[in-house]
Amino acid sequence: MDIHAYSTKDTYLINSKRRFTMPTDSGGIQALSMSNKEAQFVVALCTIYTAFTFMVGWDLVRVLIIAFTGEIHDGRLGKVFKLWKFGSLNIAMAMLKYIEEMMLYLRKTPKEKRQRKNRGEANRGQDVKVPDAEITDAGIPDAEISDADIPGVGHLCLAIVLVVVFFGFYLMDFAIGAIVGAKIIVGNVAPANANKVFYPDINTLERQGDTTGLLRVKSMRIDSAFRAIAATESPDPQARRKRVTIEMADSQDGQTASPLSNLNYSYNVTGVDMGLQSDPKLVLRVKGACRTEYTWLVNTTEEGDTYRLWGGNETYHIKPDAQPTTPPWLAFFHDEKQILDRSPNLSYAIIANTAGRYSYTASRDPWYSTRETQANDTPPYQVLPNRPVLNCWETKTWHLGGKDVDSWRLRARRRALNSLPNLKLHELWSDTVFPREFELPRIVSLGSALGISSLRTASYALDPFCVIDAGSASMRGDFKRLVLGSWVSSQNVLRDTTTYNHGNLVNLAHG
Numbered sequence: 133m134d135i136h137a138y139s140t141k142d143t144y145l146i147n148s149k150r151r152f153t154m155p156t157d158s159g160g161i162q163a164l165s166m167s168n169k170e171a172q173f174v175v176a177l178c179t180i181y182t183a184f185t186f187m188v189g190w191d192l193v194r195v196l197i198i199a200f201t202g203e204i205h206d207g208r209l210g211k212v213f214k215l216w217k218f219g220s221l222n223i224a225m226a227m228l229k230y231i232e233e234m235m236l237y238l239r240k241t242p243k244e245k246r247q248r249k250n251r252g253e254a255n256r257g258q259d260v261k262v263p264d265a266e267i268t269d270a271g272i273p274d275a276e277i278s279d280a281d282i283p284g285v286g287h288l289c290l291a292i293v294l295v296v297v298f299f300g301f302y303l304m305d306f307a308i309g310a311i312v313g314a315k316i317i318v319g320n321v322a323p324a325n326a327n328k329v330f331y332p333d334i335n336t337l338e339r340q341g342d343t344t345g346l347l348r349v350k351s352m353r354i355d356s357a358f359r360a361i362a363a364t365e366s367p368d369p370q371a372r373r374k375r376v377t378i379e380m381a382d383s384q385d386g387q388t389a390s391p392l393s394n395l396n397y398s399y400n401v402t403g404v405d406m407g408l409q410s411d412p413k414l415v416l417r418v419k420g421a422c423r424t425e426y427t428w429l430v431n432t433t434e435e436g437d438t439y440r441l442w443g444g445n446e447t448y449h450i451k452p453d454a455q456p457t458t459p460p461w462l463a464f465f466h467d468e469k470q471i472l473d474r475s476p477n478l479s480y481a482i483i484a485n486t487a488g489r490y491s492y493t494a495s496r497d498p499w500y501s502t503r504e505t506q507a508n509d510t511p512p513y514q515v516l517p518n519r520p521v522l523n524c525w526e527t528k529t530w531h532l533g534g535k536d537v538d539s540w541r542l543r544a545r546r547r548a549l550n551s552l553p554n555l556k557l558h559e560l561w562s563d564t565v566f567p568r569e570f571e572l573p574r575i576v577s578l579g580s581a582l583g584i585s586s587l588r589t590a591s592y593a594l595d596p597f598c599v600i601d602a603g604s605a606s607m608r609g610d611f612k613r614l615v616l617g618s619w620v621s622s623q624n625v626l627r628d629t630t631t632y633n634h635g636n637l638v639n640l641a642h643g
């Protein structure tokens with residue numbers, strides 16, 4: 133399921149006279165964009181034209197058969213064409229009855245008795261005339277067939293073929309509209325209006341120390357983050373199962389005797405997913421892994437838990453609140469030095485702010501493990517302190533034409549040795565949007581934009597004190613939700629540039 137923002141009327145170019153390239157896995161096809169009303173009219177017109185052509189074509193075949201056989205009014209073909217006017221379904225039903233009687237006859241009559249020399253001399257060489265009977269839609273009357281006119285196996289095979297053909301004609305009357313419509317309408321797609329594309333000048337805002345501008349940029353990305361995470365609530369489509377892989381395994385820490393969880397994931401996003409007309413075969417390949425980390429907890433007291441990130445000087449403190457007023461959430465961290473060094477392997481961490489939260493169900497999950505509260509005026513369970521950290525890494529590469537480059541090398545000069553072959557990407561995407569959007573692991577960008585909604589259980593927290601259902605929540609479920617949301621968010625990178633409410637920020641797209 134795709135969740136899209138409501139766009140203004142002129143966000144996309146709806147012009148039935150201007151062709152564009154619709155990206156596909158095989159490269160692209162030429163298409164015309166038009167409104168739903170216009171598309172319905174075109175489909176109806178083409179359906180009528182196809183049905184009329186089909187009808188005239190078969191009438192022409194009938195006329196040619198009659199003309200070349202010379203049997204227009206008399207003979208077997210003449211009787212067949214009298215039947216034809218009642219429709220292919222009636223003929224098919226009559227032929228089925230004929231086949232049934234023929235099969236019964238062939239089963240009861242030995243082959244030697246069906247030979248012409250054994251059928252009686254009286255009728256040999258004569259055509260027995262069967263009186264014409266009135267034929268109606270109700271069916272074909274039974275007729276007495278003489279031994280001389282009883283057909284053999286060859287006639288049975290021919291009758292079966294005719295039944296299939298006539299049933300095909302009958303079903304075609306119903307299916308032709310769906311077939312024509314499916315061939316004409318290729319999807320709900322249209323090229324974006326270049327005048328509606330916006331991307332902020334984040335580098336200038338950072339150099340100038342414009343805190344207000346940077347906060348506005350973060351704010352305008354919240355809507356797209358919620359659209360991406362909402363799309364993960366739909367049932368698993370086939371594309372997700374093929375393109376996103378999440379593997380989870382548990383083990384035991386020999387030093388701390390604590391359960392360890394290992395989470396591996398990978399996904400890819402194609403140019404078709406992003407809507408790239410110029411490079412539909414461009415692929416972003418993402419691979420990462422996480423494991424629960426207990427050694428980062430350096431201090432735990434009644435005042436809270438203190439974590440030291442990657443053994444450095446940066447710390448993070450969680451202070452349990454006896455009467456919490458906000459739902460639990462996730463805190464995301466990344467190694468800034470790796471970003472500056474353009475490392476192909478980026479480290480990030482996720483810390484769950486769940487300690488001390490009340491719950492009406494028990495849990496033993498790493499992020500939601502509970503204890504009984506021993507109090508009558510509070511919910512029965514409370515999440516334990518000392519929750520483990522998810523220590524993660526991720527790598528991204530761009531793939532095109534059998535070659536891979538690191539994500540930050542996409543903007544290398546096209547003639548450079550380390551560039552992708554035949555890359556036609558617009559400079560706005562290759563030099564600005566993609567390097568900035570995929571600078572951090574997408575999970576970090578998405579989770580930071582979601583804020584207190586980064587945990588699914590936060591959406592179901594109950595007043596008072598934001599009581600959660602720890603028994604139904606899990607670290608694995610929350611992590612899977614973030615991975616799937618990152619995959620969807622990566623697909624929407626370019627579409628989102630037409631939805632930003634940017635105010636008076638500088639627009640690099642019109643730079």
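When we follow the numbering used here, the leftmost residue of the sequence shown carries the number 133, and every step to the right adds one. For each residue, glycine too, the CB sits at the ideal point set by N, CA and C.
(request) Measuring alpha carbon to alpha carbon, tell me which of Thr457, Thr153 and Trp561 ends up nearest Val321. (result) Thr153
(request) Go through its chain and collect everything with a Cβ distance to Thr510's Cβ below 7 Å, but skip five positions before and after it. (result) Tyr490
(request) Please say whether Thr630 and Thr143 have beta carbons closer to each other than 7 Å? (result) yes
(message) Quick check on the DSSP output: what are the complete alpha helix (DSSP H) runs of length 4 or more inside the stretch 394-435, in order along the chain?
(response) The DSSP assignment places 403-406 as complete runs of the alpha helix (DSSP H) inside the stretch 394-435, in order along the chain (cut-off: 4 residues).
(request) Just grab the DSSP bridge partners of Thr447 for me. (result) Arg440
(message) Contact between the stretch 612-620 and the stretch 563-575 is defined here as three or more beta-carbon pairs at a separation below 8 Å; is this criterion met?
(response) yes
(message) Assuming the contact rule is C-beta atoms closer than 8 Å, Ile417 and Asn400 should be a hit. Round their C-beta distance to whole Å, please.
(response) For clarity, residue 417 is Arg in the given sequence; the question names Ile instead. The pair is a contact, with the Cβ atoms about 5 Å apart (cut-off 8 Å).
(message) Here's the rule I'm using: 16 or more other beta-carbon atoms within 10 Å means buried, otherwise exposed. How should Glu276 be labelled?
(response) Residue confidence is low: Glu276 scores 47 on pLDDT, short of 50, so the model does not pin down where it sits. Its coordinate-derived value is still stated next. Exposed is the call here.
(request) Measure the alpha-carbon distance for Glu434 versus Thr505 and round it to whole angstroms. (result) 15 Å
(request) Just grab the DSSP bridge partners of Ser479 for me. (result) Trp525
(message) For Ala265 and Ala176, what's the separation of their Cα atoms in angstroms?
(response) Unreliable positioning characterises Ala265 in this predicted model, as indicated by a pLDDT of 44, which lies under 50. The coordinate reading is nonetheless provided below. So the alpha carbons of these two residues sit roughly 41 Å apart.
(request) Starting from the C-beta of Gln162, find all residues in its chain whose C-beta is less than 6 Å away, skip the five residues before and the five after it, and write them out in chain order. (result) Arg151
(request) Out of Ala326, Ala291 and Lys149, state which residue places its alpha-carbon closest to the alpha-carbon of His558. (result) Ala326
(message) Does any residue of chain B have a CB that is nearer than 7 Å to the CB of Arg417?
(response) Looking at the structure shown, chain B is missing, and only one protein chain is on hand.
(request) Evaluate Thr424 with the Cβ neighbour count: other Cβ atoms within 10 Å of its Cβ, from every protein chain shown; 16 or more gives buried, anything less gives exposed. (result) buried
(request) Find the nearest neighbour of His634 within the set Asp497, Arg474 and Met352, judged by alpha-carbon distance. (result) Met352
(message) Here's the rule: buried if 16 or more other CB atoms are within 10 angstroms of the residue's CB, otherwise exposed. What is Glu526?
(response) buried
(request) Return the Cβ separation of Gly488 and Gln514 in integer angstroms, given the expectation that the two are a contact with Cβ distance under 8 Å. (result) 6 Å
(message) How far does the beta strand (DSSP E) with Leu347 in it extend, from its first residue to its last?
(response) Per DSSP, Leu347 belongs to no beta strand (DSSP E); it is in the alpha helix (DSSP H), Thr343 to Met352.
(message) Below 8 Å, how does it come out for the stretch 325-343 and the stretch 594-606: are there three or more Cβ pairs, yes or no?
(response) no
(request) Would you kindly report the start and end of the unbroken beta strand (DSSP E) that includes Leu164? (result) Element bounds for Leu164: Ile161 to Leu164.
(request) Grab me the residues of Asp453's own chain with a C-beta within less than 8 Å of its C-beta, minus the 5 sequence neighbours each way, in chain order. (result) Gly488
(message) Can you look up Arg256 in the DSSP assignment and give me helix, strand or coil?
(response) With a pLDDT of 46 at Arg256, under the threshold of 50, the modelled position of that residue is not reliable, and the figure given next carries that caveat. For Arg256, the three-state secondary structure derived from DSSP is coil.
(request) Give the range of the alpha helix (DSSP H) segment to which Val576 is assigned. (result) Arg574 to Leu582
(message) Between which two residues does the alpha helix (DSSP H) holding Asp467 run?
(response) Asp467 -> no alpha helix (DSSP H), and no H or E assigned at all.
(request) Have a look at Lys350, Ala593, Ala463 and Ile231 and flag the residue whose alpha-carbon is nearest the alpha-carbon of Ala291. (result) Ile231
(request) Kindly indicate which residue of Gly159, Gly319 and Leu462 has the alpha-carbon position closest to the one of Asn168. (result) The option with the nearest alpha carbon to Asn168 is Gly319.
(request) Express the C-alpha separation of Cys422 and Glu379 in angstroms, rounding to a whole number. (result) 10 Å
(request) Note down the Cα distance separating Arg613 from Phe186, rounded to an integer number of angstroms. (result) 51 Å
(message) For Pro596, tell me which candidate among Asp538, Leu522, Leu552 and Pro456 has the shortest Cα-Cα distance.
(response) Pro456
(message) Quick check on the burial criterion: 16 or more other C-beta atoms within 10 angstroms. Buried or exposed for Phe184?
(response) exposed
(request) Determine, using beta carbons only, whether Lys419 and Ser398 come nearer to each other than 7 Å. (result) yes
(message) If the criterion is Cβ atoms closer than 7 Å, does the pair Ser586 and Trp461 meet it?
(response) yes
(request) Taking the CB atoms as reference points, tell me whether Val295 and Leu228 lie closer together than 7 Å. (result) yes
(request) Quick one: grab the DSSP three-state call for Leu640. (result) helix
(request) Report all residues from its chain with a CB closer than 8 Å to the CB of Leu346; omit the five preceding and five following residues, and keep chain order. (result) Contacts found: Ile334, Leu337 and Glu338.
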